[in-house]
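Chemist: One structure, pasted below without further comment.
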Amino acid sequence: MEVMEYFDVYNDKKELTGRTLPRKGSRLQEGEYQLIVLALIERPDHKFLITRRSLNKKWAAGAWEVSGGGVLAGETSYDAVLREVKEETGLDISGAEGRCVYTYSNVDLDRGDNYFVDIYHFHMDFTEDDVTIEASEAIDFAIVPFDEIRKQAADKNFLHYERILQAFEAEGYEV
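Just so you know, the working numbering puts 70 at position 70 of the sequence shown, and the rest follows in order with no gaps.
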């Protein structure tokens, strides 16, 4: 039996409204948003952890991305990014140096898909052996220099690339 997951509804100022909705099948109205998180995880050698989306995903199956996902009802953005990274990669980033470096919003009233995205940047020493991908989430992972992410983006095979560049710019970080 599948457990029903819920998310908190935020207003256009990114404030909680006190309402929750089921993650599956909900359509947000004008001025309503859900919260999503993404995690840039960088090693001391300036390589980044990326994952390749499961082929069973409804959207962008097989594309490369950084870890992330939806914030659950009652969960903070930070707690969600820790959970999502742990679920998708097996990495515990709770002790890593990192913070939210950029937030953006998207409004798609036709699909009822309005959201804020908090992008976190973590610095952590880890190896390939520390990563265990969850098969329902990803089919592969890689630890790559940013140039490889740029190459995948040029091939239209990397999600959120432009927003990741904006996050680095906001952070004053050069890639």
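In this text, a Cβ means the ideal position worked out from N, Cα and C, and glycines have one as well.
Tell whether a beta-carbon distance below 8 Å holds between Glu42 and His160.
Modeler: no
Chemist: Just how far apart, CA to CA, sit Ala135 and Tyr10?
Modeler: 31 Å
Chemist: Pick from Tyr6, Ala170, Gln166: whose alpha carbon is nearest that of Ala80?
Modeler: Tyr6
Chemist: With a cut-off of 8 Å, do at least 3 Cβ pairs link the segment 69 to 83 to the segment 31 to 45?
Modeler: Segments in contact, yes.
Chemist: Since Ala167 contacts Tyr115 with CB under 8 Å, what's their CB separation in whole angstroms?
Modeler: Incorrect: roughly 16 Å between the Cβ atoms, too far for contact.
Chemist: Within the same chain, show all residues whose beta-carbon is closer than 8 Å to that of Asn56, passing over the 5 residues directly before and after it, in chain order.
Modeler: Ser136
Chemist: In whole angstroms, what is the alpha-carbon distance linking Arg27 and Ala63?
Modeler: 25 Å
Chemist: Of the residues Asp130, Val3, Tyr33, which one's Cα is nearest the Cα of Lys13?
Modeler: The shortest C-alpha separation from Lys13 is found at Tyr33.
Chemist: From Ser77 to Thr20, what does the alpha carbon distance come to, in whole angstroms?
Modeler: 15 Å
Chemist: Report buried or exposed for Thr132, applying the criterion of at least 16 other Cβ atoms within 10 angstroms of its Cβ.
Modeler: exposed
Chemist: Could you give the C-beta distance for Glu97 and His123, rounded to a whole number, given that I count them as a contact under 8 Å?
Modeler: 5 Å
Chemist: So, are the CB atoms of Glu162 and Leu109 less than 8 Å apart?
Modeler: no
Chemist: Could you check which residue in Ser105, Asp147, Ile50, Glu75 has the C-alpha nearest to that of Val66?
Modeler: Ile50
Chemist: Got a sec? Which residues, its chain only, sit under 6 Å from Phe141 by beta carbon, not counting five neighbours each side?
Modeler: Thr51, Val131, Ile133
Chemist: Identify the residues that DSSP records as bridge partners of Leu16: which are they?
Modeler: Leu16 is bridged to Tyr10.
Chemist: Comparing C-alpha positions only, which one of Phe48, Asn157, Asp155, Tyr173 sits nearest to Lys126?
Modeler: First, the amino acid is wrong: residue 126 is Phe here, not Lys. Ranking the options by Cα distance to Phe126, first place goes to Phe48.
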